[in-house]
Amino acid sequence: MKVYEALAEAFVQEGTSDVFGMMGDANMHWMNALAQRGVRLYEVRHEGSGLGMADGWARAAGRPGVVTTTSGPGVSQLATSMVCASRARTPLVAFCGETTWGDRDAVQYLDQQRFAAAIECGFVHLSRPDQAEEAVQRAFYLARTESRPVMLSAPIDVQKGAFEEAGPYVPSTGLIDRPRLLPDPSRIQRACDLVGASKRVVVIVGRGARRAGAAEQVLRLQEQTGALLATTLQAKNWLCADTDFHVGISGLFGSKVAQELLQEADCVIAVGASLNGYTTEHGYLFPDARYVQIDTTPHLVMGNGAVADCYIQADAVTALTELSRALEERSVRLEGFHTEQMRDRLTAPLLDPADIRREPDRLDPREAIQIIDSELPGEMGLVLGSGHQVDFGTMLFQRSREVLSNYGMFGAIGQAPLLTIGTIVANGGRPHFVVEGDASFLMHLPEFETACRYGLPVLVVVMNDEGLGAEYHKSKAAGLDPGLATIPTPELGSVAVALGGGGATVRTTGQLRTALAEYVADPRPTVIDVRITREVLSVPYRRLWFGEDV
Amino acid sequence: MISVQEKIRVPSPPARVWEVVSDPAEVVSCISGAELGEAHDDGSFDGTLVVKFGAVRVRFAARVSLELAPSDLEGRLEARGRDGQRATRFTAHATFRIVEGDGPDDSRVLMDGEIQLTGKLASLVEAGAGAVVSRMTKDFSQRLVLLCAEPAATPAKAPTRPRALGRLRAWWARLFTRRRPRSQERTATESKETGSGSVQAQ
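Chains as they are written, first to last, in the UniProt record's numbering: chain A, 1 to 550; chain B, 1 to 202.
Right, dumping it as structure tokens:
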């Protein structure tokens with residue numbers, strides 16, 4: 001057996017079913033061996049894009065995604081997407097070929113270890129043929145236990161060496177034995193003390209709570225404590241269909257009502273949410289609150305620079321069950337925010353129809369988001385993109401559905417369509433849509449062709465203001481020339497058709513509804529180029545740049 | 001850093017305008033969300049100010065010193081403090097001067113100042129802080145015009161804690177009584193300790 005075959009076999013044993021990337025001299029043998037073992041290979045147009053897809057795959061599947069590149073220039077293409085995956089704490093293994101071991105004069109030579117360090121990923125080197133299995137096991141072990149991307153760098157001459165099988169491969173999962181973290185009873189009692197002494201409780205749930213499947217326990221605690229339920233950005237819209245007292249996102253993307261109500265809280269119970277500076281606005285969103293925080297991490301410092309008044313290191317389901325039981329024993333039951341008046345306040349529409357800005361051949365982005373939300377079924381997952389336009393969707397998508405936001409993960413534009421493609425692959429080809437800006441979509445336009453080639457039913461809604469929206473508005477605020485941030489775009493609907501998919505460029509609400517209906521009726525790779533006005537400034541920008549109370 | 005440069009037209013005589021702007025309690029009554037706190041022996045005093053950045057309210061506590069030159073109708077204000085989360089510090093200084101406007105019953109208040117925010121809030125509010133200060137300045141101008149139009153005998157409307165305000169007024173009265181014979185001098189109420197970092201944390 002060759003080393004590249006042993007490597008491929010080990011990847012399969014680790015659960016690898018889908019690999020994104022681009023073939024080259026230094027990974028082609030390994031890719032052939034994978035294909036022979038039934039692994040699906042997705043040939044992309046840029047290695048960084050492949051990594052973005054593997055990132056989306058991993059976030060959806062909850063296990064390590066895999067990307068592959070050849071040596072040197074194939075590796076250097078990974079930079080931006082790798083940092084994004086690292087910031088998102090995505091478990092991922094990048095199988096990267098390497099020039100012949102020790103040949104620094106090779107054309108494609110790159111010090112891949114140093115490069116890996118610079119782009120924030122772990123590094124495992126395959127230095128000898130007999131280390132093949134150990135190297136794969138190590139890479140996956142690090143990716144899983146540290147929840148981060150890891151580069152497995154394999155020189156081509158080592159890959160082509162002979163490998164002596166010593167016995168069955170032991171996947172990294174066989175080395176990971178996670179005990180269930182039970183809450184310290186004294187901490188539960190302390191949490192009861194804090195909750196019992198409170199009148200206005202807010203429960204904030206993050207992606208940790210969602211991953212733990214703690215919905216039932218969260219809702220029970222919310223009911224007992226009369227709490228408002230808020231989410232982090234990463235858990236946007238989670239449980240919004242299950243309670244009338246869901247206030248949406250806690251943080252800059254929260255509605256005005258949310259921001260006003262959250263400031264009234266005297267107790268915050270965070271579940272699987274780190275309460276970082278975004279969620280708490282560095283603590284300013286909860287000026288008078290005491291904190292109970294439930295998380296599996298040993299230590300957490302919140303975005304206000306402090307630790308919680310009561311930190312419970314535990315599994316979310318168990319900790320919430322214990323907390324609810326203890327509150328019941330003490331007969332603690334609060335009305336809190338659960339009043340009819342509050343219910344009315346929370347169900348008020350976020351957008352006043354009278355505020356919609358009508359322009360010839362341009363849509364108000366807020367109205368476009370509302371139409372998209374109502375026309376696309378809740379089963380269709382959403383990925384939120386980047387730039388100024390993302391603010392509208394982040395605030396206004398209200399329907400209960402899976403939402404993935406890449407905001408705050410290095411701030412790179414162009415990643416969201418890639419994440420969406422990977423998500424669709426992980427979810428067995430189920431249709432998903434991504435709402436992205438024009439500059440972001442065009443950055444990795446060739447990957448729409450990848451989606452077409454593999455028949456992946458991604459809907460890309462391009463909120464097209466023909467420019468760099470964020471810079472356009474920031475230029476205006478800073479007294480610079482906003483015209484420098486405008487870039488005309490071709491009709492992207494036609495471009496999508498030319499690349500092999502469906503497409504439409506829409507300039508009216510009627511055209512938008514028609515295009516969405518066509519996608520819903522027959523989901524296939526589609527681009528809807530929505531021409532939007534630049535005259536509507538997002539709420540976060542109005543807050544940040546003009547201090548408006550909106 | 002936020003710069004404030006304002007020329008406020010007040011349709012009242014300069015003497016009346018000076019009466020208002022040289023009285024901390026009156027000035028505070030013109031600032032929405034501001035309250036006077038304790039007066040200190042060195043002439044400085046505590047103050048709090050609630051500012052809305054977007055929908056988020058932030059309470060600042062500061063120690064303020066005021067230096068007045070009644071003969072020139074000029075003053076200088078210094079303030080240092082931090083917010084209730086103890087995550088943001090600020091320093092502010094401003095000079096103001098009253099000059100006659102379009103006649104003896106008309107004045108201009110010339111203000112020139114800077115506010116420096118450092119810490120978490122600075123990144124949070126970004127450029128918006130300048131817009132917030134600008135709106136607060138406009139609001140202050142409107143309230144000042146209204147207050148100056150009231151008769152001089154009208155008691156100040158500062159929403160302050162009575163004991164603290166009483167002490168401040170008494171101290172203010174003592175100071176003016178003591179300094180009046182030397183009124184040609186700049187009326188300094190600032191001591192060397194001012195700005196040494198003693199602030200009222202919230």
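Ideal placement from N, C-alpha and C gives every residue a C-beta, glycine not left out.
Closer than 8 Å at the beta carbon, the chain E residues around residue i
i         : result
A:Phe-392 : Included in the structure are the protein chains A and B, with no chain E among them.
Beta carbon proximity, residue i to chain A, threshold 7 Å
i         : result
B:Gly-54  : yes
B:Leu-49  : no
B:Gly-33  : no
B:Gly-81  : no
B:Val-4   : no
B:Gly-43  : no
B:Ala-61  : no
B:Pro-162 : Only weak support is given to the placement of B:Pro-162: the predicted model assigns it a pLDDT of 41, under 50, and the question is left unresolved by the model.
B:Val-58  : yes
B:Arg-16  : no
B:Ala-87  : yes
B:Met-1   : no
B:Gly-84  : yes
B:Ala-39  : no
Residues bridged to residue i [DSSP beta-bridge criterion]
i         : result
B:Thr-95  : B:Arg-76, B:Asp-112
A:Lys-2   : A:Ala-162
A:Gln-313 : A:Asp-295
A:Gln-131 : Partner(s): none; A:Gln-131 has no beta bridge.
B:Gln-5   : B:Asp-112
A:Ala-230 : A:Ile-204, A:Gly-248
A:Leu-152 : A:Phe-95, A:Val-124
B:Ala-62  : B:Gly-47, B:Gly-81
A:Ile-188 : Beta-bridge pairing links A:Ile-188 to no other residue.
B:Val-56  : B:Phe-53
Boundaries of the alpha helix (DSSP H) in which residue i is found, first to last residue
i         : result
B:Val-125 : 120 to 125
A:Leu-499 : Per DSSP, A:Leu-499 belongs to no alpha helix (DSSP H) and is neither H nor E.
A:Gly-510 : 509 to 521
A:Met-28  : 28 to 36
A:Gly-56  : 47 to 61
A:Asp-115 : Per the sequence shown, residue 115 of chain A should be read as Phe rather than Asp. It spans 112 to 118 - the alpha helix (DSSP H) in which A:Phe-115 sits, taken as one unbroken run.
A:Val-170 : Here A:Val-170 belongs to no alpha helix (DSSP H), and DSSP marks it neither H nor E.
A:Phe-286 : It is not in any alpha helix (DSSP H) - A:Phe-286 carries neither H nor E in the DSSP assignment.
A:Thr-225 : 215 to 225
Residue interval of the beta strand (DSSP E) (run including residue i)
i         : result
A:Leu-41  : 40 to 43
A:Arg-87  : Taken as a continuous stretch (DSSP letters only), A:Arg-87 belongs to no beta strand (DSSP E), being part of the alpha helix (DSSP H) at 79 to 87.
A:Thr-420 : It is not in any beta strand (DSSP E) - A:Thr-420 instead sits in the alpha helix (DSSP H) that spans 416 to 426.
A:Cys-267 : 267 to 271
B:Lys-52  : 45 to 53
A:Thr-280 : Careful: A:Thr-280 lies outside any beta strand (DSSP E), inside the alpha helix (DSSP H) at 277 to 280.
A:Gly-381 : 381 to 384
A:Ile-356 : Element bounds for A:Ile-356: n/a, residue is neither H nor E.
A:Phe-337 : Premise fails: A:Phe-337 is in no beta strand (DSSP E) and is neither H nor E.
B:Ala-39  : 34 to 39
A:Glu-548 : It is not in any beta strand (DSSP E) - A:Glu-548 carries neither H nor E in the DSSP assignment.
A:Gly-65  : 65 to 69
A:Gly-437 : 432 to 437
Below-7 Å beta-carbon distance, residue i vs any chain B residue
i         : result
A:Arg-345 : no
A:Gln-293 : no
A:Gly-411 : no
A:Glu-43  : no
A:Asp-481 : no
A:Gly-547 : yes
A:Glu-264 : no
A:Met-28  : no
Members of the stretch 92 to 124 of chain B that neighbour chain A once the beta carbon cut-off is set at 8 Å: Lys-120, Leu-121, Leu-124
Residues in the stretch 129 to 146 of chain B having any Cβ partner in chain A nearer than 7 Å: Ala-129, Ala-131, Val-132
Residues from the stretch 271 to 291 of chain A in contact with chain B, defined by Cβ distance under 8 Å: Gly-277, Glu-281, His-282, Gly-283, Tyr-284, Leu-285, Pro-287
Along the stretch 532 to 544 of chain A, where does the CB come closer than 7 Å to a CB of chain B? Name the residues. Arg-543, Leu-544
Name the residues in the stretch 451 to 478 of chain A whose C-beta lies less than 8 Å from a C-beta of chain B; which are they? Ala-477, Ala-478
Minimum length 4: unbroken alpha helix (DSSP H) runs contained in the stretch 446 to 500 of chain A: 446 to 453, 469 to 478, 492 to 498
Alpha helix (DSSP H) runs contained entirely in the stretch 367 to 413 of chain A, provided each spans 4 or more residues: 390 to 396
Under 7 Å, CB to CB, which of the residues in the stretch 234 to 265 of chain A have a partner in chain B? Lys-256, Gln-259, Glu-260, Gln-263
Please list, in chain order, the residues of the stretch 304 to 316 of chain A that have any C-beta partner in chain B closer than 7 Å. Asn-304, Gly-305
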